[in-house]
Every structure is written in C-alpha cells, then in structure tokens.
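Asker: Numbering (the numbering used here), first residue to last: 1029 to 1114.
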C-alpha cells in the first residue's frame, strides 16, 4: 500500500512539474511577443477616427414602426385563428 502512495506522489509531482514548465514557457513566449510586436499607438489628432460613422441601415424609428406593424398583424391573425377554434 505504501508503494502505491509513493507512486501516486511521484506521478503527482511529475504532472505538476510538466504543468509548471509549460506555464513558464508560455509566460516567456508571451513576454517575447510583447517585445517583438509592440502595440501601435492610436493617432488622436485624426478627427475622422474619433467621430462614429453614420448608420447605413434604416433608422431606429423605421425599425420601431416595422416591429409595431408586424405585432399588430400577428395579433389580428391570431385573433381570427382563436375565434375559429371556438
């Protein structure tokens, strides 16, 4: 029984060592990439980049009107279907 616990402990240490080594390598690669590929600063003097582009689709009011009409038609059609079941 003691041998089994010793093997389990050795296997646990080996697994933890592998994970620790992997995390060290991953940290090193990320640190290396941050040095090799620095983030490019955003030019704040460009006024066109700071203003959002106008929406290309229908306006919010047009969408609301379309949804309202669709709900009204659905309720009318459903009302007719409910009456026909009675």
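Cβ coordinates follow ideal geometry from the N, Cα and C atoms, glycine included.
(1) Using the three-state DSSP reduction, which class does residue 1088 fall into: helix, strand or coil?
(2) Start and end of the alpha helix (DSSP H) containing residue 1038?
(3) Report the three-state DSSP secondary structure of residue 1096 (helix, strand or coil).
(4) Could you tell me the distance, in whole angstroms, from the CA atom of residue 1049 to the CA atom of residue 1087?
Answerer: Looking at the coordinates:
(1) Sequence index remark: in the chain shown, residue 1088 carries index 60 (1-based). Three-state DSSP puts residue 1088 in a helix.
(2) Here the question's residue 1038 lines up with position 10 in the chain shown. The continuous alpha helix (DSSP H) containing residue 1038 extends over residues 1030-1064.
(3) Within the chain shown, residue 1096 is the residue found at index 68, counting from 1. Secondary structure at residue 1096: helix, using DSSP grouped into helix, strand and coil.
(4) Within the chain shown, residue 1049 is the residue found at index 21, counting from 1. Within the chain shown, residue 1087 is the residue found at index 59, counting from 1. Roughly 55 Å between the two C-alpha positions.
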